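Engineer:
Residue numbers (the numbering used here): 1 to 108.
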């Protein structure tokens, strides 16, 4: 070891091979991290698409959610007095829902 420190001949074969192995492992780990990041990004994009589709449908109130009519009821109170439930139609989808009074919903 002392001769190596004093010598000026260069690197040994073992040192070169060790550095190649370390470099190869580093590249492999980096590649794995990039692939995992790409999968997470793709999954997030799919979830965003589903959420924004539901949000747009909820905001536009264009197409009711597939539920039996009259299954959703809105309970409310006016001046501390419980009022009869109002039938509502739900719009949107998974993640975002809005509602509107059903046709002929009645109420006070």
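No residue lacks a Cβ here, since even glycine has one placed at the ideal position from N, Cα and C.
Being a predicted model, the structure only gives us computed values, none of them experimental.
What did DSSP end up calling residue 43 once you bin it into helix, strand or coil?
Structural biologist: Helix at residue 43.
Engineer: Look at the alpha carbon of residue 45 and the alpha carbon of residue 18, and state the distance between them as a whole number of angstroms.
Structural biologist: In a straight line, the C-alpha of residue 45 is about 41 Å away from that of residue 18.
Engineer: Would you identify the three-state DSSP class for residue 76, choosing helix, strand or coil?
Structural biologist: Of the three classes helix, strand and coil, the one that applies to residue 76 here is coil, per DSSP.
Engineer: Using CA coordinates, which residue listed in 80, 84, 64 is at the minimum distance from residue 73?
Structural biologist: Among 80, 84, 64, the Cα nearest to that of residue 73 belongs to 84.
Engineer: Should the segment 23 to 36 be called in touch with the segment 48 to 67, which here means at least 3 C-beta pairs below 8 Å?
Structural biologist: No contact exists between the segment 23 to 36 and the segment 48 to 67.
Engineer: Kindly indicate which three-state DSSP category residue 12 falls into: helix, strand or coil?
Structural biologist: Coil at residue 12, not helix or strand.
Engineer: Compute the Euclidean distance between the alpha carbons of residue 55 and residue 75, then round it to the nearest angstrom.
Structural biologist: Residue 55 and residue 75: Cα-Cα distance of roughly 23 Å.
Engineer: In this structure, does DSSP put residue 98 in helix, strand or coil?
Structural biologist: Residue 98 falls in the strand class under three-state DSSP.
Engineer: Suppose you measure from the CA of residue 40 to the CA of residue 97; what does that come to, to the nearest Å?
Structural biologist: Approximately 26 Å between the Cα atoms of the pair.
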